[in-house]
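The numbering of the sequence shown is the numbering used here, which starts it at 396 and goes up by one. Taking it in order: structure first as structure tokens, then the write-up.
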Amino acid sequence: MLTGFAALGLGLDGRRSEPGYVLLAAALFGASLYQRSTGGTLALLIGLSLWIGLSWRRRGERGPKPRTFQTVVFRTSIVIALASVTVLGAETLEEGFSQTTLDEKVAAYRDAPALIRDHAWFGIGRGAYWSVYSAYRTEPLVVSHTHPETLPIQLISEWGVPVGSMSLVALISWLFMRLRGGVRARDRVVLCGAVALVLQNLVDFSLEITGVALTFAALVASSRTQGRRRVVRAASHSRAAYATLVPVLAFAGLTRALAIGDLRADVSLFAERLSATPPESVDDELEKRIRAHPANALGWLVSARSKAYGPEPNLEGAIVDINKAIVLAPTFSLVHSLAGEVLWRARLRAQALLEFRTAWALTNQPSLILARLLDLELSPAELVGALPRSERTPLFPSLDAIVWAIPAARSVKGDAFAQTLLKEAFFDGASTRSLVRFAQLAVSLGEVEAGLDASELVVAQEDADSAALATVLQLARGVGQPEQALGWVDRRKPRDG
Numbered sequence: 396m397l398t399g400f401a402a403l404g405l406g407l408d409g410r411r412s413e414p415g416y417v418l419l420a421a422a423l424f425g426a427s428l429y430q431r432s433t434g435g436t437l438a439l440l441i442g443l444s445l446w447i448g449l450s451w452r453r454r455g456e457r458g459p460k461p462r463t464f465q466t467v468v469f470r471t472s473i474v475i476a477l478a479s480v481t482v483l484g485a486e487t488l489e490e491g492f493s494q495t496t497l498d499e500k501v502a503a504y505r506d507a508p509a510l511i512r513d514h515a516w517f518g519i520g521r522g523a524y525w526s527v528y529s530a531y532r533t534e535p536l537v538v539s540h541t542h543p544e545t546l547p548i549q550l551i552s553e554w555g556v557p558v559g560s561m562s563l564v565a566l567i568s569w570l571f572m573r574l575r576g577g578v579r580a581r582d583r584v585v586l587c588g589a590v591a592l593v594l595q596n597l598v599d600f601s602l603e604i605t606g607v608a609l610t611f612a613a614l615v616a617s618s619r620t621q622g623r624r625r626v627v628r629a630a631s632h633s634r635a636a637y638a639t640l641v642p643v644l645a646f647a648g649l650t651r652a653l654a655i656g657d658l659r660a661d662v663s664l665f666a667e668r669l670s671a672t673p674p675e676s677v678d679d680e681l682e683k684r685i686r687a688h689p690a691n692a693l694g695w696l697v698s699a700r701s702k703a704y705g706p707e708p709n710l711e712g713a714i715v716d717i718n719k720a721i722v723l724a725p726t727f728s729l730v731h732s733l734a735g736e737v738l739w740r741a742r743l744r745a746q747a748l749l750e751f752r753t754a755w756a757l758t759n760q761p762s763l764i765l766a767r768l769l770d771l772e773l774s775p776a777e778l779v780g781a782l783p784r785s786e787r788t789p790l791f792p793s794l795d796a797i798v799w800a801i802p803a804a805r806s807v808k809g810d811a812f813a814q815t816l817l818k819e820a821f822f823d824g825a826s827t828r829s830l831v832r833f834a835q836l837a838v839s840l841g842e843v844e845a846g847l848d849a850s851e852l853v854v855a856q857e858d859a860d861s862a863a864l865a866t867v868l869q870l871a872r873g874v875g876q877p878e879q880a881l882g883w884v885d886r887r888k889p890r891d892g
């Protein structure tokens, strides 16, 4: 698409008769449409529309006009492009902008602010989106797993808010100033294609592709403003010395690199690769690396889900696929969550609970993991086995997880299930906040004794604040134990005065 705009600009330069460039542009635009890419088609239409609008606005300006043949061919290519989109592209556009895809992209955008907020100054680093984003994912399946698929979020998340924001402002300002100022007809077409690609990258990541990025940079850099006066500077000794010094240093560096041997080895290896016959059936190292990329875990994940929940479930095949996904993306909580579901359906319950526990530890949205657990036919003891362990006593679940799970279990499974889950709690090493919340839940479920035991521990905490103490004192009075509340007050007097 970008190369087509460049060819179109050369053909419409007006200073020379080059109908071949226009025909080349039409062929490149047709090839772009033949790819049936939703983003590429819309970028092409945006660029052509922008160019037509700017040309119409500046129709009265002085300067060379396009040749008649070029104008006719170009207008014909526009008609062909619009007709192709109307006839052939309607189904593609509908598929490319399905509601599911849009919802998944919006979900990925919704997760971005938390990631950016945690790495605001310096970003997560170039190319680190996959390894970091898995900890911020809130949706089970999204199409964005290696890139944010939007240029602003990508720049700000990878480079940080200061550098990313300045880069965006600089890019937008530069394009606006060039389009607003006087540029030649050739460069105007190229800039319209560049603007179209930038707009398309608000919902895609084609600029991450090396071939697209290099073409974009080369074409944008080659455009220049019309009307600049050429200043001829007088020759000076410093300019001549500088012009001589640069190639001398480059030649010396190249000679030294060849003499040391590292560059010579690279050149020899490159020549050997060019002359070698490629193997017919053996995968090369590049293909192996591509297959081992963490992004491929999503494919195995989808395959495992379809095998496990298809019309004819194949649990053994699903387990094989889920193991491949775990090897590729061991820090992706969704992989371990689905592994837990598949293993549970295969009646491998101990392994299933371990996978759920791993998924819970990797996610920042435990409610998603808890919802999956409650969809299964779990007993309270089995649900406790899937919860994260206490740091001080790994054999028991952490009280934070118990407190998190009880309200959800009560709404889905009922009070009896929640009461049984309540009795599995272990208080060793629990925080004051978790103890207060546990006491409130226990009293609401009718387990007054358990609530008072937790309240007793809150009173004994050295770091218990006044709000926590007031809460447990109110709970004790509410269950008809004013004497015990007064005893707690007397116990705290030597500490709190």
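Where is the CB? At the ideal position from N, CA and C, for every residue including glycine.
Outcome for residue i when other beta-carbon atoms lying within 10 angstroms are tallied against a minimum of 16
{"i": "Ala-754", "result": "buried"}
{"i": "Phe-923", "result": "The structure shown does not extend to residue 923, since the chain is modelled only from 396 through 892, so no value can be given for it."}
{"i": "Leu-696", "result": "buried"}
{"i": "Leu-748", "result": "buried"}
{"i": "Lys-702", "result": "buried"}
{"i": "Gly-895", "result": "Only positions 396 to 892 of the chain appear in the structure, and residue 895 is not among them; the question remains open."}
{"i": "Leu-483", "result": "Interpretation of Leu-483 is limited by its pLDDT of 45, a score under 50 that renders its predicted location unreliable; no figure is taken from the coordinates."}
{"i": "Arg-787", "result": "exposed"}
{"i": "Arg-832", "result": "buried"}
{"i": "Gly-809", "result": "exposed"}
{"i": "Trp-516", "result": "exposed"}
{"i": "Pro-706", "result": "exposed"}
{"i": "Thr-463", "result": "Residue placement at Thr-463 cannot be trusted, given a pLDDT of 48 that sits under 50; what the coordinates show is reported in the next sentence. Thr-463 is exposed by the Cβ-count criterion."}
{"i": "Leu-609", "result": "exposed"}
{"i": "Trp-569", "result": "exposed"}
Residue i to residue j span [Cα, whole Å]
{"i": "Ala-804", "j": "Val-843", "result": "19 Å"}
{"i": "Ala-855", "j": "Leu-550", "result": "50 Å"}
{"i": "Gly-694", "j": "Ala-880", "result": "58 Å"}
{"i": "Ser-762", "j": "Leu-868", "result": "30 Å"}
{"i": "Ile-511", "j": "Val-501", "result": "16 Å"}
{"i": "Pro-783", "j": "Glu-851", "result": "25 Å"}
{"i": "Asp-582", "j": "Gly-588", "result": "10 Å"}
{"i": "Leu-597", "j": "Val-779", "result": "44 Å"}
{"i": "Ala-859", "j": "Arg-886", "result": "13 Å"}
{"i": "Ser-698", "j": "Ile-797", "result": "33 Å"}
{"i": "Tyr-504", "j": "Thr-726", "result": "21 Å"}
{"i": "Gly-904", "j": "Asp-770", "result": "Residue numbering for the chain in the displayed model covers 396 to 892; residue 904 lies beyond these limits and cannot be assessed."}
{"i": "Met-561", "j": "Trp-554", "result": "10 Å"}
{"i": "Glu-544", "j": "Val-564", "result": "19 Å"}
{"i": "Arg-625", "j": "Val-615", "result": "Because the pLDDT at Arg-625 is just 47, under 50, the model does not fix this residue reliably, and the value given afterwards should be weighed accordingly. Rounded to the nearest angstrom, the two C-alpha atoms are 20 Å apart."}
{"i": "Leu-768", "j": "Asn-718", "result": "20 Å"}
{"i": "Val-884", "j": "Gly-841", "result": "24 Å"}
{"i": "Ala-720", "j": "Leu-733", "result": "10 Å"}
{"i": "Gln-760", "j": "Leu-790", "result": "23 Å"}
{"i": "Glu-340", "j": "Ala-825", "result": "The structure shown has nothing for residue 340, since the chain only spans 396 to 892."}
{"i": "Leu-592", "j": "Tyr-531", "result": "28 Å"}
{"i": "Phe-751", "j": "Ala-811", "result": "23 Å"}
{"i": "Ala-862", "j": "Tyr-524", "result": "41 Å"}
{"i": "Val-715", "j": "Ile-764", "result": "22 Å"}
{"i": "Gln-746", "j": "Val-607", "result": "46 Å"}
{"i": "Ile-801", "j": "Val-874", "result": "21 Å"}
{"i": "Ala-595", "j": "Val-584", "result": "Sequence check: residue 595 is Gln here, not Ala. Between Gln-595 and Val-584, the C-alpha separation is close to 17 Å."}
{"i": "Ser-728", "j": "Val-722", "result": "13 Å"}
{"i": "Val-853", "j": "Leu-870", "result": "12 Å"}
{"i": "Leu-896", "j": "Gly-520", "result": "This structure gives no information on residue 896, because the portion of the chain shown stretches from 396 to 892."}
Among the options, nearest to residue i - alpha-carbon criterion
{"i": "Asp-513", "options": "Ser-839, Val-556 and Leu-769", "result": "Val-556"}
{"i": "Phe-822", "options": "Thr-815, Leu-816 and Leu-830", "result": "Leu-830"}
{"i": "Ile-567", "options": "Pro-547, Gly-712 and Glu-553", "result": "Pro-547"}
{"i": "Leu-794", "options": "Asn-759, Leu-763 and Ala-837", "result": "Ala-837"}
{"i": "Arg-828", "options": "Ala-849, Lys-808 and Thr-815", "result": "Ala-849"}
{"i": "Gly-518", "options": "Tyr-504, Thr-866 and Val-558", "result": "Val-558"}
{"i": "His-731", "options": "Leu-757, Arg-740, Val-715 and Glu-707", "result": "Leu-757"}
{"i": "Gly-846", "options": "Gln-876, Ala-503 and Asp-858", "result": "Gln-876"}
{"i": "Trp-739", "options": "Tyr-704, Leu-723, Phe-727 and Lys-719", "result": "Tyr-704"}
{"i": "Pro-708", "options": "Ala-515, Val-737 and Ser-806", "result": "Val-737"}
{"i": "Arg-742", "options": "Ala-862, Glu-819 and Glu-777", "result": "Glu-777"}
{"i": "Ala-724", "options": "Leu-817, Asn-691, Leu-710 and Arg-700", "result": "Asn-691"}
Within-8 Å CB hit, residue i to chain B
{"i": "Glu-786", "result": "Included in the structure is just one protein chain, with no chain B present."}
What are the complete alpha helix (DSSP H) segments, minimum 4 residues, inside the segment 773-811?
775-780 and 794-808
Can you check the segment 712-781 for any alpha helix (DSSP H) of at least 4 residues that lies completely inside it and give the ranges in chain order?
728-740, 744-757, 761-770 and 775-780
Please give the ranges of any beta strand (DSSP E) in the segment 821-885, keeping only runs that are unbroken, at least 3 residues long and fully inside the region.
none
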